[in-house]
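Numbering (our numbering), first residue to last: 27 to 202.
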């Protein structure tokens with residue numbers, strides 16, 4: 027199975043089985059009309075023979091009438107601690123990584139007793155967005171850092187300490 031608990035708003039809300047023997051990939055309903063799947067095959071930019079190496083490609087589409095979008099891919103090669111350290115270093119320090127200049131928080135919303143994910147609330151930089159199974163809507167636009175700190179508390183239950191708020195000041199993500 028593929029589990030991805032940290033991908034973000036379009037990430038899978040259920041474990042996806044790795045079933046390379048199927049003639050076509052299984053699709054799963056994610057949130058609302060969004061579908062997700064794992065495709066097993068080559069990627070467009072690979073240099074090895076197409077039959078030599080296959081990747082698991084995570085894809086989504088926002089409705090049965092829409093095209094599939096590929097988000098990322100992976101192989102079944104084992105990763106060690108050092109591999110993750112290099113990856114984490116790049117994503118947390120490179121100017122090419124959106125994670126160094128974007129504030130992104132995602133909270134999946136679960137139904138009362140059945141525990142199924144029915145939607146999500148997201149903070150992207152200064153915008154709070156909500157999707158409860160249909161279309162994503164902007165519910166709040168934060169113009170100041172104080173407004174964003176309040177949105178973190180109100181929508182996500184995250185309360186920043188004074189030290190954490192001070193740590194934001196003067197950075198490229200500071201709303202001012």
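All residues carry an ideal CB built from backbone N, CA and C; glycine is no exception. Just so you know, these numbers come straight off a predicted model, no measurement behind them.
In this structure, the CA atom of residue 103 is about 17 Å from the CA atom of residue 73. Secondary-structure assignment with DSSP links residue 157 through a beta bridge to 146.
Residues 41, 43 of the same chain have their beta carbon placed closer than 6 Å to that of residue 27, with the five preceding and five following residues left out of the count. For residue 116, the enclosing alpha helix (DSSP H) starts and ends at 107 to 119.
In this structure, the CA atom of residue 112 is about 11 Å from the CA atom of residue 105. For residue 179, the enclosing alpha helix (DSSP H) starts and ends at 171 to 182. Distance from residue 176 to residue 167 at the Cβ level is roughly 13 Å; contact not present, criterion being Cβ atoms closer than 8 Å. Counting along the chain, residue 63 sits inside the beta strand (DSSP E) bounded by residues 61 to 67.
In the three-state DSSP reduction, residue 87 falls in the strand class (E or B). DSSP places residue 163 within a strand segment (E or B) once states are collapsed to three. In the three-state scheme derived from DSSP, where H, G and I count as helix and E and B as strand, residue 39 is classed as coil. In the DSSP secondary-structure assignment, residue 81 is bridged to 67.
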